[in-house]
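Trainee:
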Amino acid sequence: MDEEVRDRLAVALDVDDLVAATRLARSLAGHFRVAKIGLELYTAAGPEAIGVMIDLGYDVFCDLKLHDIPNTVASAARVVGELGVSYLTIHAAGGTEMLRAGAEGLAEGATRPAGVLAVTVLTSEAEVAATRDMVADRMEVAFETGCAGVVCAAPDLTATRHIRPELIRAVPGIRLAGDSVDDQRRVASPVQALAAGADLLVVGRPVTRAADPVEAAERLHRSLQP
Ligand code: C5P
15 MDEEVRDRLA
25 VALDVDDLVA
35 ATRLARSLAG
45 HFRVAKIGLE
55 LYTAAGPEAI
65 GVMIDLGYDV
75 FCDLKLHDIP
85 NTVASAARVV
95 GELGVSYLTI
105 HAAGGTEMLR
115 AGAEGLAEGA
125 TRPAGVLAVT
135 VLTSEAEVAA
145 TRDMVADRME
155 VAFETGCAGV
165 VCAAPDLTAT
175 RHIRPELIRA
185 VPGIRLAGDS
195 VDDQRRVASP
205 VQALAAGADL
215 LVVGRPVTRA
225 ADPVEAAERL
235 HRSLQP
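See below:
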């Protein structure tokens with residue numbers, strides 16, 4: 015397995031049951047460095063889900079998309095840090111003070127290197143035309159508040175490439191030719207996303223809902239071989 019490719023890949027474990035998530039995660043650990051635990055799995059299984067994925071060797075991407083008063087976000091981020099996650103998402107729309115509080119809280123609790131990824135704009139939030147400026151502004155805010163990176167859609171990467179290149183760009187909406195688009199509104203192939211400056215590709219249903227997830231993961235890796 016190509017380690018450089020594996021390093022760039024996160025699997026979105028969007029299931030509501032820890033047994034199913036564990037089964038998937040165990041079979042895919044050779045293909046993905048990062049396991050993304052979103053609201054669905056976290057609501058079903060909580061901190062135990064994080065511990066299980068760490069035990070399987072994953073870096074955990076805790077996609078809780080926090081958005082609350084700064085004090086609450088800081089406290090929650092500290093607790094999530096104590097659980098050993100590597101990435102935590104917070105809504106950039108929550109503003110400077112909240113993002114900074116979250117980044118500081120995570121750093122305070124972290125038991126391993128960990129960083130906040132600021133969610134720039136949800137694909138459901140805005141019309142595409144309005145999105146670019148908003149993404150750019152929120153990237154600046156993410157950097158200034160001590161976030162490690164941002165979550166953004168592939169089509170916004172190129173126009174924002176020059177903005178704070180040290181920020182990690184985590185990109186969902188990854189599809190190979192022939193994959194179902196599902197409810198994703200702004201998709202790109204893995205090659206397109208990496209070429210546009212993505213650092214971490216977040217892939218869910220094309221792999222997790224495939225008849226054979228390991229075969230789908232292999233296809234994904236093959237698509238990224240030079
Ligand atoms: O579509 P897929 O299952 O690959 O989704 C991976 C991740 O993309 C999801 O966990 C979700 O966080 C994100 N997503 C998104 N925009 C959508 C749908 C899902 O960013 N419209």
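So the sequence shown is numbered by my numbering: it starts at 15 and just counts up by one.
By construction, the Cβ of each residue, glycine as well, lies at the ideal position given by its N, Cα and C atoms.
Locate the beta strand (DSSP E) running through aspartate 73, then write down its first and last residues.
Mentor: Unbroken beta strand (DSSP E) run through aspartate 73: 73 to 80.
Trainee: Taking buried to mean at least 16 other C-beta atoms within 10 Å of its own C-beta, is serine 194 buried or exposed?
Mentor: exposed
Trainee: Please classify threonine 134 as buried or exposed, where buried requires at least 16 neighbouring CB atoms within 10 angstroms.
Mentor: Threonine 134 is buried by the Cβ-count criterion.
Trainee: Taking only three categories from DSSP, how would you classify histidine 45?
Mentor: coil
Trainee: Below 8 Å, how does it come out for the stretch 205 to 215 and the stretch 30 to 42: are there three or more Cβ pairs, yes or no?
Mentor: no
Trainee: Going straight from the alpha carbon of glycine 187 to that of tyrosine 56, what length do you get?
Mentor: 21 Å
Trainee: Can you tell which of Ser89, Ala43, Ala35, Pro84 has its C-alpha closest to the C-alpha of isoleucine 51?
Mentor: Across the set Ser89, Ala43, Ala35, Pro84, the C-alpha of Ala35 shows the shortest separation from the C-alpha of isoleucine 51.
Trainee: Going by the CB atoms, is the gap between alanine 49 and valine 74 shorter than 8 Å?
Mentor: Taking 8 Å as the Cβ cut-off, valine 74 and alanine 49 qualify as a contacting pair.
Trainee: Any idea which residues DSSP pairs leucine 270 with across the strands?
Mentor: Outside the displayed span of the chain (15 to 240) sits residue 270, for which this structure offers no information.
Trainee: Going by the beta-carbon positions, is the gap between histidine 105 and histidine 235 smaller than 8 Å?
Mentor: no
Trainee: Could you give the first and the last residue of the continuous beta strand (DSSP E) run that contains glycine 163?
Mentor: Note, glycine 163: beta strand (DSSP E), 163 to 165.
Trainee: According to the Cβ coordinates, are arginine 200 and proline 220 closer than 8 Å?
Mentor: The beta carbons of arginine 200 and proline 220 sit no closer together than 8 Å.
Trainee: Could you tell me the distance, in whole angstroms, from the CA atom of glycine 218 to the CA atom of glutamate 158?
Mentor: 30 Å
Trainee: Just mark serine 100 as buried or exposed, buried being the case when its beta carbon has 16 or more other beta carbons within 10 Å.
Mentor: By the 16-neighbour rule on beta-carbons within 10 angstroms, serine 100 is buried.
Trainee: Report yes if the CB atom of isoleucine 182 is closer than 8 Å to the CB atom of glutamate 154, and no otherwise.
Mentor: no
Trainee: Is the beta carbon of valine 38 less than 8 Å from the beta carbon of isoleucine 64?
Mentor: Looking at the sequence provided, one finds leucine at residue 38 rather than valine. Cβ atoms of leucine 38 and isoleucine 64: not closer than 8 Å.
Trainee: Could you compute how far the alpha carbon of asparagine 85 sits from the alpha carbon of arginine 146?
Mentor: 30 Å
Trainee: If you drop the 5 nearest sequence neighbours on each side, which residues of the same chain put their C-beta closer than 7 Å to that of valine 66?
Mentor: Around valine 66: Leu32, Thr36.
Trainee: Tell me the DSSP bridge mates of histidine 105?
Mentor: Val133
Trainee: From which residue to which residue does the beta strand (DSSP E) around isoleucine 182 run?
Mentor: 182 to 185 is the extent of the beta strand (DSSP E) around isoleucine 182.
Trainee: Taking the beta carbon of threonine 222 as the centre, do at least 16 other beta carbons fall within 10 Å, making it buried, or is it exposed?
Mentor: buried
Trainee: When we look at the beta-carbon of arginine 114 and count the other beta-carbons within 10 Å, is it buried (16 or more) or exposed?
Mentor: A residue is called buried when at least 16 other Cβ atoms come within 10 angstroms of its Cβ; arginine 114 meets this threshold and is buried.
Trainee: Using beta-carbon positions only, say whether leucine 120 and alanine 128 come within less than 8 Å of one another.
Mentor: yes
Trainee: Going by DSSP, which residues form a beta bridge with glycine 52?
Mentor: Note: glycine 52 is bridge-paired with Asp77 in the DSSP secondary-structure output.
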